[in-house]
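K.L.:
Note that the protein sequences, when read in sequence, are chains S and D.
Residue numbering for the first sequence follows the numbering used here, starting at 612 and increasing by one per position.
Residue numbering for the second sequence follows the numbering used here, starting at 2 and increasing by one per position.
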Amino acid sequence: MNKVLMKKKLVSNIFEMEVEAKGIANKAKAGQFVVIMVSEKGERIPLTLADWSVEKGTITLVFMVVGTSSLRLSQLEEGDDLFAVLGPLGHASDIEDYGAVIMVAGGVGTAPIYPIAKSLKERGNKVISIHGARSKDLLFWQDKLASVSNEHIITTDDGSFGRKGLVTEPLKELLEADHDKIISRVYSIGPGIMMKFCALTTKPFGVKTIVSLNPIMIDGTGMCGACRVCVHGKTKFTCIDGPEFDGHEVDWNLLTTRQRAYLNEEKCSYDKFHMECED
Amino acid sequence: MGGYKYEGRRLPVQDKKARMKTHRNKMTEQDPLARARNFDEVNLGYDAETAISEAERCLLCPSSPCVKGCPVKIRVPEFLDKISEGKFMEALEIIKADNALPAITGRVCPQEVQCEGPCTQNKVSKEPVGIGYLERYVADLERNSMDRCCVNCSPPTGKKVAVVGSGPGGLTVAADMMRLGHEVHIYEAFHKAGGVLVYGIPEFRLPKAIVDYEIKCMEDLGVKIHTNHIIGKIYSLDELMAEEGFDAIYVGIGAGAPRFMGIEGENLLGIFSANEYLTRSNLMKAYDFPNYDTPIAQGKKVCVMGGGNVAMDSVRTGLRLGAEEAHIIYRRSHEELPARTEEIHHAEEEGVMFDFLTTPIRFIGDDEGKLVAMECIRMELGEPDDSGRRRPVPLEGSNFILEADLAVIAIGAGPNPILTSSEPEIELNRWGYIVADDDGKTSKKGVWAGGDIVTGSATVILAMGAGRKSAASMHRYLTGEEEW
Ligand SMILES: Cc1cc2nc3c(=O)[nH]c(=O)nc-3n(C[C@H](O)[C@H](O)[C@H](O)COP(=O)(O)OP(=O)(O)OC[C@H]3O[C@@H](n4cnc5c(N)ncnc54)[C@H](O)[C@@H]3O)c2cc1C
Ligand SMILES: Cc1cc2nc3c(=O)[nH]c(=O)nc-3n(C[C@H](O)[C@H](O)[C@H](O)COP(=O)(O)OP(=O)(O)OC[C@H]3O[C@@H](n4cnc5c(N)ncnc54)[C@H](O)[C@@H]3O)c2cc1C
Ligand code: SF4
Ligand code: SF4
Ligand code: FES
Numbered sequence: 612m613n614k615v616l617m618k619k620k621l622v623s624n625i626f627e628m629e630v631e632a633k634g635i636a637n638k639a640k641a642g643q644f645v646v647i648m649v650s651e652k653g654e655r656i657p658l659t660l661a662d663w664s665v666e667k668g669t670i671t672l673v674f675m676v677v678g679t680s681s682l683r684l685s686q687l688e689e690g691d692d693l694f695a696v697l698g699p700l701g702h703a704s705d706i707e708d709y710g711a712v713i714m715v716a717g718g719v720g721t722a723p724i725y726p727i728a729k730s731l732k733e734r735g736n737k738v739i740s741i742h743g744a745r746s747k748d749l750l751f752w753q754d755k756l757a758s759v760s761n762e763h764i765i766t767t768d769d770g771s772f773g774r775k776g777l778v779t780e781p782l783k784e785l786l787e788a789d790h791d792k793i794i795s796r797v798y799s800i801g802p803g804i805m806m807k808f809c810a811l812t813t814k815p816f817g818v819k820t821i822v823s824l825n826p827i828m829i830d831g832t833g834m835c836g837a838c839r840v841c842v843h844g845k846t847k848f849t850c851i852d853g854p855e856f857d858g859h860e861v862d863w864n865l866l867t868t869r870q871r872a873y874l875n876e877e878k879c880s881y882d883k884f885h886m887e888c889e890d
Numbered sequence: 002m003g004g005y006k007y008e009g010r011r012l013p014v015q016d017k018k019a020r021m022k023t024h025r026n027k028m029t030e031q032d033p034l035a036r037a038r039n040f041d042e043v044n045l046g047y048d049a050e051t052a053i054s055e056a057e058r059c060l061l062c063p064s065s066p067c068v069k070g071c072p073v074k075i076r077v078p079e080f081l082d083k084i085s086e087g088k089f090m091e092a093l094e095i096i097k098a099d100n101a102l103p104a105i106t107g108r109v110c111p112q113e114v115q116c117e118g119p120c121t122q123n124k125v126s127k128e129p130v131g132i133g134y135l136e137r138y139v140a141d142l143e144r145n146s147m148d149r150c151c152v153n154c155s156p157p158t159g160k161k162v163a164v165v166g167s168g169p170g171g172l173t174v175a176a177d178m179m180r181l182g183h184e185v186h187i188y189e190a191f192h193k194a195g196g197v198l199v200y201g202i203p204e205f206r207l208p209k210a211i212v213d214y215e216i217k218c219m220e221d222l223g224v225k226i227h228t229n230h231i232i233g234k235i236y237s238l239d240e241l242m243a244e245e246g247f248d249a250i251y252v253g254i255g256a257g258a259p260r261f262m263g264i265e266g267e268n269l270l271g272i273f274s275a276n277e278y279l280t281r282s283n284l285m286k287a288y289d290f291p292n293y294d295t296p297i298a299q300g301k302k303v304c305v306m307g308g309g310n311v312a313m314d315s316v317r318t319g320l321r322l323g324a325e326e327a328h329i330i331y332r333r334s335h336e337e338l339p340a341r342t343e344e345i346h347h348a349e350e351e352g353v354m355f356d357f358l359t360t361p362i363r364f365i366g367d368d369e370g371k372l373v374a375m376e377c378i379r380m381e382l383g384e385p386d387d388s389g390r391r392r393p394v395p396l397e398g399s400n401f402i403l404e405a406d407l408a409v410i411a412i413g414a415g416p417n418p419i420l421t422s423s424e425p426e427i428e429l430n431r432w433g434y435i436v437a438d439d440d441g442k443t444s445k446k447g448v449w450a451g452g453d454i455v456t457g458s459a460t461v462i463l464a465m466g467a468g469r470k471s472a473a474s475m476h477r478y479l480t481g482e483e484e485w
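1. To the nearest angstrom, report how far apart S/S795 and S/H702 are at their CA atoms.
2. Name the chain S residues whose beta carbon is nearer than 7 Å to that of D/F247?
3. Should S/I706 be listed as close to ligand 2, given that the test is whether its C-beta is under 6 Å from any heavy atom?
4. Can you list the alpha helix (DSSP H) stretches of 4 or more residues lying completely in the stretch 844 to 881 of chain S, in chain order?
5. Mind checking the stretch 699 to 714 of chain S against chain D and listing, in chain order, the residues whose C-beta falls within less than 7 Å of any C-beta there?
6. Does the Cβ of D/P169 have 16 or more other Cβ atoms within 10 Å, making it buried, or fewer, making it exposed?
7. So does D/T106 have its beta carbon nearer than 6 Å to some heavy atom of ligand 3?
8. Tell me whether S/G678, by its Cβ, gets closer than 6 Å to a heavy atom of ligand 1.
9. Taking the beta carbon of D/M179 as the centre, do at least 16 other beta carbons fall within 10 Å, making it buried, or is it exposed?
10. Quick one: using the 10 Å Cβ neighbour count with 16 as the cut-off for buried, is D/P156 buried or exposed?
11. Quick one: is the Cβ of D/P169 within less than 6 Å of any heavy atom of ligand 2?
12. Taking C-beta to C-beta, are S/L616 and S/E627 nearer than 7 Å?
13. For a contact defined as C-beta to C-beta under 7 Å, what are the partners of D/G370 on chain S?
14. Assuming contact is defined by CB atoms lying nearer than 7 Å, are D/P203 and S/G836 in contact in what I supplied?
15. The alpha helix (DSSP H) that contains D/S474, what's its start and end?
16. Identify, in the order they occur along the chain, each residue of the same chain with its Cβ nearer than 6 Å to the Cβ of D/R1, setting aside the five sequence neighbours on each side.
17. Run down chain D in chain order and give the residues with a C-beta less than 9 Å from the C-beta of S/I670.
18. Could you name the residues of the same chain whose beta carbon sits closer than 6 Å to that of D/M2, not counting the 5 residues immediately before and after it, in chain order?
19. Roughly how many whole angstroms lie between the Cα atoms of S/K755 and S/K620?
20. Does the beta carbon of D/A249 fall short of 6 Å from some heavy atom of ligand 2?
21. Should D/A140 and D/P103 be called a contact, given that it needs their Cβ atoms to be closer than 7 Å?
22. Any heavy atom of ligand 3 closer than 6 Å to the beta-carbon of D/Q122?
23. Can you name, in chain order, every residue of its own chain whose Cβ lies under 8 Å from the Cβ of D/P33, other than the five neighbours on each side?
24. Name the DSSP beta bridge partners of D/T360, please?
25. Quick check on S/S834: buried or exposed, where buried means 16 or more other Cβ atoms within 10 Å of its Cβ?
26. From which residue to which residue does the beta strand (DSSP E) around D/T421 run?
27. Using the Cα positions of D/K97 and D/V409, report the straight-line distance between them to the nearest angstrom.
28. In chain S, which residues lie with their C-beta within 8 Å of the C-beta of D/K234?
29. Let me know the beta strand (DSSP E) ranges lying completely inside the stretch 636 to 699 of chain S, each 3 residues or longer, listed in chain order.
30. Indicate, with yes or no, if ligand 4 has a heavy atom lying under 6 Å from the CB of D/L60.
31. Does D/K18 pass the burial test, meaning 16 or more other C-beta atoms within 10 Å, or should it be called exposed?
32. Relative to chain D, which residues along the stretch 837 to 857 of chain S have a C-beta separation below 9 Å, given in chain order?
33. Taking only three categories from DSSP, how would you classify D/Y293?
34. Tell me whether D/V139, by its Cβ, gets closer than 6 Å to a heavy atom of ligand 4.
35. For a test of the three-state rule: what should DSSP assign to D/E350, helix, strand or coil?
36. Which residues bound the alpha helix (DSSP H) around D/Y278?
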């Protein structure tokens, strides 16, 4: 059991939650994730470590409500317990001195990209963040991300804040302007479609582009194979081989197909839960 | 231990002859068609009268081939004789001297190749004494009456033991070390303890209430169980020793990494590792979706690749989840099926179809990436291979298409690397399993290992046997009786 110490709504359907998890906080590294269960009858769902505090013995999760489990999670209150939190899982990000890096964050992906940007900056990299959302009221953690970036570019699809347009536009411009080739790495975390297009954008420039994949998982420890993805033409288990992979080598179609495996069941579960909530 | 000889009561010759004419008492079972659609236990158990009558079939052989066949050398004729006298709890005590989890082994041991295979009655009439059924009977009796034989723990030694993994091996070590007076902590990655007993073996073969009961008893003894703790990530073995103060560690993490076939189309929707399929159903209770949140795919035609217990469990789970047709696709023949005989028989009764000498070479999907069929090839059996079984050889040009909307790969498992890859001091063999000596000692001081992570996928009783040996060795080390 892990106690919820703080919960707050960041924007419409995205929540931030601070949870007691001393052991995990001690070991957490940027890029890793946890698997949680809200209740005994719940699913096991993976969430990235968005932040942690060794002193307080806590971890911070930021999640978007998309289905039953994330909805149940959002309904926990401060003082409630999470039934299970397992971690830290997955490989940590490779934090090296790359010179300059571009961090592309989309939607809820802003949270998982924060600790990576922070570690890269501490390591001495020049960090340029491109921070995208559909509109102004869906932006969160601007200050946090800005505090670990040398440059912080915000884009919104509707132009309600920052630059109007998609994250791939400034990404392309930055790479085009990088005549001295000091940008040697791009990180992209967000919706699958965004990561895919970021990878397509960077490919002609030959800049290594790391993405963090989010297939369906169960155990998160390499024993079920539910999380298999295809990278470089080879099957990989995201939980133990990833979650970060070379975006230029990911089979994006397979990822999205496999994420949709339980669409009907997810809807059935969500509808049932909604009805119960209304009773 | 190896030289066990039964020295109890002898049977007069005429009694022996009379006993040889008796027939094995049938296990009462749920009706095959009914049970193929529910998750309740298939075998319903003996009653007292049947148990006594079955125990009375034992010939009390002085040479006791049954004991030789049992990996932990349970004193079989002695406990059977107690049952025949109606002294059930005394029988149980005899069993428990060598086996801490008889309600489980009585259900899942491959008795036909262990205790019951060499049983004299098997040689006489092909009807061995129902040793497993009787083991189960007395253990169930105790559980149902809550009349646990009182276990006394030795006075505390002040030593701390960590057990990594809560499968049958880890549980055995924990129980033994606790009784010897050590403080025991189990670390388990999943949210529920029990290892394969809870995530792999289905309810209809091993009711989870039994495993839960055994674990509860262990907690009552004082064993502390830390679920959701993955060792290698949250603590290294060195940290367990240096920071958490453990004096010795047992690693019983099993062989849980699924093996796939490496053929075209294997990542289509509708193709699962047996681990995923069974974990969803058993551990996450997806068969009770949406009362439980975890979903599971339902196939109309389920095909399971493999022929072991894992394959039988998967195919029968498929039937119970509502498949119209459920097939075992096995590349050898009926004779080589490695599953327990009883499970094969039960599967046949339930209507599972067996496609022998067949293997898929390609999975075929539709536009949405969903499995619709498999291209298969027929095999014939050639010369015996390393395992002593005849090697299947593909028959050129025998390809054919088999429709299927759900496929489960149950062709074996390998070692999960999370712990082993983070512990360079622990020697591994070339397949990635931990190297341990007869006492379970690894190449790292203070660390023992046993069960599937040492032997590769094996059996519950072998994991328990390894646990018992490691516990004994660990105790000698902790009490200073033996150097590392
Ligand atoms: C390593 C990893 C880290 C993740 N980190 C975060 C995080 O920090 N914050 C966050 O909000 N989410 C994260 N996710 C995604 C998160 O796990 C899913 O959103 C969650 O499992 C959905 O559960 P649900 O029951 O609420 O929705 P479901 O009912 O399961 O799904 C609802 C919808 O979401 C889609 N979906 C289901 N599973 C996933 C998935 N794994 N990824 C993306 N879409 C999915 C389905 O296609 C469906 O349409 C991460 C996933 C992985 C694998
Ligand atoms: C579906 C199925 C059916 C079977 N049927 C039979 C049968 O009928 N009869 C029979 O005798 N045998 C059967 N077996 C085999 C038998 O279950 C195994 O041989 C036995 O369970 C091995 O026990 P173990 O103690 O080595 O570990 P396991 O039972 O494998 O348990 C290992 C435990 O360690 C945990 N773990 C792994 N890594 C870590 C880590 N880093 N940190 C913390 N915890 C960790 C795992 O989550 C797991 O709970 C079957 C196996 C399967 C999969
Ligand atoms: S433990 Fe298994 S092999 Fe040994 S006597 Fe019992 S059922 Fe037979
Ligand atoms: S071999 Fe069979 S008949 Fe003989 S003692 Fe063992 S159980 Fe009894
Ligand atoms: S989630 Fe089970 S193997 Fe990755």
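Beta carbons: idealized from backbone N, C-alpha and C, even for Gly.
P.N.:
Result, derived from the coordinates:
1. Locating residue 795 of chain S in the first sequence gives position 184, counting from the first residue. Locating residue 702 of chain S in the first sequence gives position 91, counting from the first residue. Approximately 21 Å, taken between the alpha carbons.
2. Within the second sequence, the letter at position 246 stands for residue 247 of chain D. Residues of chain S passing the Cβ test: none, with the nearest at roughly 15 Å.
3. Sequence index remark: in the first sequence, residue 706 of chain S carries index 95 (1-based). The answer is no for S/I706.
4. 849 to 852, 863 to 870
5. Listed in sequence order: P699, L700.
6. By one-based count along the second sequence, residue 169 of chain D stands at place 168. Of the other Cβ atoms in all chains shown, 16 or more fall within 10 Å of the Cβ of D/P169; this residue is therefore buried.
7. Translated into positions along the second sequence, residue 106 of chain D becomes position 105. Checking the Cβ of D/T106 against ligand 3 gives yes.
8. Locating residue 678 of chain S in the first sequence gives position 67, where the first residue counts as 1. Checking the Cβ of S/G678 against ligand 1 gives yes.
9. Within the second sequence, numbered from 1, the residue matching residue 179 of chain D stands at position 178. With 16 or more Cβ atoms within 10 Å of its Cβ, D/M179 is classed as buried.
10. Reading the second sequence from its first residue, position 155 is the one you call residue 156 of chain D. D/P156 is exposed by the Cβ-count criterion.
11. In the second sequence, the residue the question calls residue 169 of chain D occupies position 168. True, at least one ligand heavy atom lies under 6 Å from that Cβ.
12. By 1-based counting over the first sequence, the position of residue 616 of chain S is 5. By 1-based counting over the first sequence, the position of residue 627 of chain S is 16. The answer is no: Cβ separation not under 7 Å.
13. For this step, residue 370 of chain D is matched to residue 369 along the second sequence. Per Cβ cutoff of 7 Å: T868.
14. Locating residue 203 of chain D in the second sequence gives position 202, counting from the first residue. Locating residue 836 of chain S in the first sequence gives position 225, counting from the first residue. Against a cut-off of 7 Å, the Cβ pair of S/G836 and D/P203 comes out as no contact.
15. Within the second sequence, numbered from 1, the residue matching residue 474 of chain D stands at position 473. Run containing D/S474: 461 to 479, per the alpha helix (DSSP H) assignment.
16. In the structure as shown, chain D starts at 2 and stops at 485, and residue 1 of chain D therefore has no counterpart that could be examined.
17. Taking the first sequence and counting its residues from 1, the one referred to as residue 670 of chain S is at position 59. Result: empty, since nearest Cβ-Cβ is about 12 Å, beyond 9 Å.
18. Position 1 of the second sequence, counted from the first residue, corresponds to residue 2 of chain D. Confidence is the limiting factor: at D/M2 the pLDDT is only 45, short of 50, which leaves the residue's position unreliable, though a coordinate-based value still follows. Apart from the 5 residues on each side of it in sequence, D/M2 sits with its Cβ closer than 6 Å to the Cβ of K74 in its chain, given in chain order.
19. Taking the first residue of the first sequence as position 1, residue 755 of chain S is located at position 144. Taking the first residue of the first sequence as position 1, residue 620 of chain S is located at position 9. Looking at the two C-alpha atoms, the distance is approximately 16 Å.
20. Working through the second sequence from its first residue, we reach residue 249 of chain D at position 248. Because no heavy atom of ligand 2 lies under 6 Å away, the Cβ of D/A249 does not count as near it: no.
21. The residue given as residue 140 of chain D occupies position 139 in the second sequence. The residue given as residue 103 of chain D occupies position 102 in the second sequence. Yes, these two residues count as a Cβ contact at 7 Å.
22. Taking the first residue of the second sequence as 1, we reach residue 122 of chain D at position 121. No.
23. As a working note, residue 33 of chain D is residue 32 in the second sequence. Only H347, E350, E351, G352 meet the Cβ criterion.
24. One-based indexing of the second sequence puts residue 360 of chain D at position 359. In the DSSP output, where bridge partners are listed per residue, D/T360 has D/I378.
25. Taking the first sequence and counting its residues from 1, one reaches residue 834 of chain S at position 223. One point to set straight first is that residue 834 of chain S is Met, not Ser, in the sequence displayed. S/M834 comes out buried.
26. Translated into the one-based positions of the second sequence, residue 421 of chain D becomes position 420. Unbroken run through D/T421 is the alpha helix (DSSP H), 418 to 421; no beta strand (DSSP E).
27. Translated into positions along the second sequence, residue 97 of chain D becomes position 96. Translated into positions along the second sequence, residue 409 of chain D becomes position 408. Those two C-alpha atoms are separated by around 37 Å.
28. Taking the second sequence and counting its residues from 1, the one referred to as residue 234 of chain D is at position 233. Per Cβ cutoff of 8 Å: K638, G698, P699, L700.
29. 644 to 648, 656 to 659, 662 to 664, 669 to 675
30. One-based indexing of the second sequence puts residue 60 of chain D at position 59. Under cutoff, so the answer is yes.
31. As a working mapping, residue 18 of chain D is identified with position 17 in the second sequence. Classification for D/K18: exposed.
32. Cβ proximity to chain D below 9 Å picks out A837, R839, V840, C841, T846, F848, I851 from the stretch 837 to 857 of chain S.
33. Position 292 of the second sequence, counted from the first residue, corresponds to residue 293 of chain D. Of the three classes helix, strand and coil, the one that applies to D/Y293 here is coil, per DSSP.
34. To locate residue 139 of chain D, count along the second sequence from 1; it is residue 138. Checking every heavy atom of ligand 4 against the Cβ of D/V139, none is found closer than 6 Å.
35. Indexing the second sequence from 1 puts residue 350 of chain D at position 349. DSSP, read as helix, strand or coil, puts D/E350 in helix.
36. Residue 278 of chain D sits at position 277 when you count from the first residue of the second sequence. Note, D/Y278: alpha helix (DSSP H), 275 to 279.
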